[in-house]
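Undergrad:
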Amino acid sequence: MYNLKFLKFYGVDRRGYYNYPRKDFNLHFNLQDLEYLPNSLLHLSWPAYTLKYLPSTFSAENLTELSMPGSQLQRLWNEGQKPRNLKHVDLSHSKQMVEVPDLSMSVNIESIDLEGCERLVEIPSYFENLLKLTWLNASCCTNLSVLSDMPCNMVSLNLGWTAIEDLPSSIWSQEKLVELNLNGCEGIKKLPNSIWKLYSLTSLVLSKTSIEGLPPSIECLSGLECLDLNSCRKFVSLPTSICKLKSLKTFCLIGCSSFENFPEILEPMELLESLSLGGTKLKELPSLIENVCCPNSILPPSSVILWPSMSMLDLSDCTMLEEIPDCIFSLNSLFRLDASGTMIRSIPSRLQPSIKHLG
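The numbering of the sequence shown is full-length UniProt numbering, which starts it at 1 and goes up by one.
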C-alpha cells in the first residue's frame, strides 16, 4: 500500500447520484477509523466519501487528479498542503463543504468542479494566480456570492444558479473564454460594454437573469453561436447591432415577457437556425427580406433573405401576434413553426412545403 498510485471506488456517478442504495455502499467500508492514505497516490477517486476530512497524515504532493463527488467533506485538508502536481479536482455535490480547499500551490491545475457545493460562499482570491486553470464549474452553489478575479486563460466558466450579483472586471477581459453560463443568476442586472473583449465566446447563457438589455458592443462577438435569454422577464430590448452576430445559430428569447419589439434586421444573419420568441409581447416580426439595389444599375432590386438558414421558429404564446407575416414564406429552410397560443386564427395554405412540424 505504501507505493499505491491509483485508488478508485465505484458506486456513484460524477453528479452524486447513487447507482444503488447508499447504505449498501457503506457496508463495505468502515471509515470511522481511517487514519491513513498512501502519500504515493497520483489518482484518488472516492465518490460519496463519508468523512469530514481526509486523514491528517495524508500528503497530496503527488496527486494529479482528485475526484470525490457527492462526499460529506466539510474541509478537504489542513493548511500546509502543497499539491503542486494536481491538475483536475472534482468535489461536486459535496453539500457540507464550507470552503474551497487550499489549492494555492496547485500551479498546474486545469479544471475544478464545485457544482452543487451549496454551503460555499466565495471563490478564494488566489484563483487569479492559477494560470493554467481553464475550466471552472461553480453552478448550483446557491450561497456563492463572492467571485474573485479569474486567471487570464479561462475557456469555460459556469456560474449558473449562484447568488453572484457583480462579476469582477477580469471576467470581461477573458480573451480565450468560449463558454460563459450565468443561468439563474437573478442578481445580474447589467452587462458591461467591455463584453466586446470576449471575442472567443461561442456560448453566452443569460437565462433567468435580471438584465433589461444588451450593450451595443455585443456586436463584436463575431464567433457567438448561442445566445440564451430564456425567461429574462425584465428584458425589454435588443440593440439594432444584433444582426452583426454573423455566427449566431441559436437565439432564445422564450419567456421574455417584457420584450415587445424585435429590431429591424439591417444585415443578413446567414447562419441563424433557431429563433425562439415564445411567451414574449411581440406584435410583429421584422422584415426578413431586404431589397438590394446596386448603384448605377438598370436592373431591378434583388431580394436578399436575411435569415436564410432558419429551420425552427417558435412564436408560441405570443398573445399579441395576430398573423403570420408574408416574409415567413421566404424561409426555404424552415422545418418547424410553432404559433400555438397566439391570436393567429388561420395558417396560409402557401406555407413552405418543407415545414414538417406546425404547432
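Idealized CB from N, CA, C, for every residue including glycine.
Computed from a predicted structure; not experimentally measured.
CA-CA distance, residue 81 and residue 153?
TA: Roughly 25 Å between the two C-alpha positions.
Undergrad: Can you find the residues in the same chain that come closer than 6 Å, C-beta to C-beta, to residue 225, ignoring five residues on each side of it along the sequence?
TA: Hits under 6 Å: 202, 247 and 249.
Undergrad: Leaving out five residues before and five after residue 105 in sequence, what residues of the same chain have Cβ atoms less than 8 Å from its Cβ?
TA: 81, 82, 83 and 84.
Undergrad: Excluding the 5 residues flanking residue 117 on each side, which residues of the same chain have their C-beta closer than 6 Å to its C-beta?
TA: 94, 97 and 141, listed in sequence order.
Undergrad: For the beta strand (DSSP E) that contains residue 112, what are its first and last residues?
TA: From DSSP, the beta strand (DSSP E) with residue 112 extends over 111-113.
Undergrad: Tell me residue 150's beta-bridge partners as DSSP assigns them.
TA: In DSSP, residue 150 forms no bridge with anything.
Undergrad: Please report the straight-line C-alpha distance between residue 239 and residue 217, rounded to a whole angstrom.
TA: Those two C-alpha atoms are separated by around 9 Å.
Undergrad: In terms of residue numbering, what span does the beta strand (DSSP E) encompassing residue 157 cover?
TA: Looking at the DSSP string, the run of the beta strand (DSSP E) that includes residue 157 is 156-158.
Undergrad: Could you tell me which residues DSSP pairs with residue 43 in its beta bridges?
TA: The partner list for residue 43 (beta bridge, DSSP) reads 6 and 65.
Undergrad: Just the Cα atoms here: how many angstroms apart are residue 169 and residue 160?
TA: About 18 Å.
Undergrad: What whole-angstrom Cβ distance do residue 111 and residue 134 have, given they're in contact under 8 Å?
TA: Residue 111 to residue 134, Cβ: 7 Å. Contact.
Undergrad: When DSSP labels each residue in this structure, what does residue 250 get in the three-state scheme?
TA: The answer is strand: DSSP assigns residue 250 an E or B state.
Undergrad: Report the residue from 145, 65 and 34 whose alpha carbon sits nearest the alpha carbon of residue 52.
TA: Comparing Cα-Cα distances from residue 52 to each of 145, 65 and 34, the minimum goes to 34.
Undergrad: Taking the straight line between their C-alpha atoms, what separation do you get for residue 221 and residue 72?
TA: Each residue's alpha carbon lies about 41 Å from the other.
Undergrad: Please go through the same chain and pick out, in chain order, the residues whose beta-carbon is closer than 6 Å to the beta-carbon of residue 263, but skip the five residues on each side of it.
TA: 238 and 240, listed in sequence order.
Undergrad: Going by alpha carbons, who is nearest to residue 184 out of 151, 197, 230 and 150?
TA: That would be 230, whose Cα lies nearest to the Cα of residue 184.
Undergrad: So, is the C-beta of residue 219 closer than 8 Å to a C-beta in chain D?
TA: The structure shown has no chain D; it contains just one protein chain.
Undergrad: What does DSSP give as the partner residue(s) for residue 179 in the beta ladder?
TA: Partner(s): 156 and 203.
Undergrad: Does the beta-carbon of residue 266 have 16 or more other beta-carbons within 10 angstroms, so that it is buried, or is it exposed?
TA: Burial call: exposed.
Undergrad: Which residues does DSSP pair with residue 122 in a beta bridge?
TA: Bridge partners of residue 122: 146.
Undergrad: From which residue to which residue does the beta strand (DSSP E) around residue 105 run?
TA: Careful: residue 105 lies outside any beta strand (DSSP E) and carries neither H nor E.
Undergrad: For residue 88, list the residues DSSP reports as bridge partners.
TA: Residue 88 is bridged to 65 and 111.
Undergrad: Tell me the DSSP secondary structure of residue 135 in three-state form.
TA: If DSSP states are grouped into helix, strand and coil, residue 135 belongs with the strands.
Undergrad: Which first and last residues belong to the beta strand (DSSP E) in which residue 226 is found?
TA: Counting along the chain, the beta strand (DSSP E) containing residue 226 begins and ends at 226-228.
Undergrad: Quick one: what does DSSP say residue 274 is sitting in, helix, strand or coil?
TA: In this structure, residue 274 counts as strand in the three-state DSSP scheme.
Undergrad: Take residue 283 and list the residues in its own chain whose beta-carbon comes closer than 6 Å to its own, dropping the five residues that flank it on each side.
TA: Closer than 6 Å at Cβ, skipping near neighbours: 320.
Undergrad: On the criterion of 16 or more Cβ atoms from any shown chain inside 10 Å, does residue 121 qualify as buried, or is it exposed?
TA: Under this definition residue 121 is an exposed residue.
Undergrad: Cα-Cα, which of 336, 123, 325 and 151 is closest to residue 344?
TA: Here the closest residue by C-alpha is 325.
Undergrad: For the beta strand (DSSP E) that contains residue 266, what are its first and last residues?
TA: First-last for residue 266: undefined, no H or E at that position.
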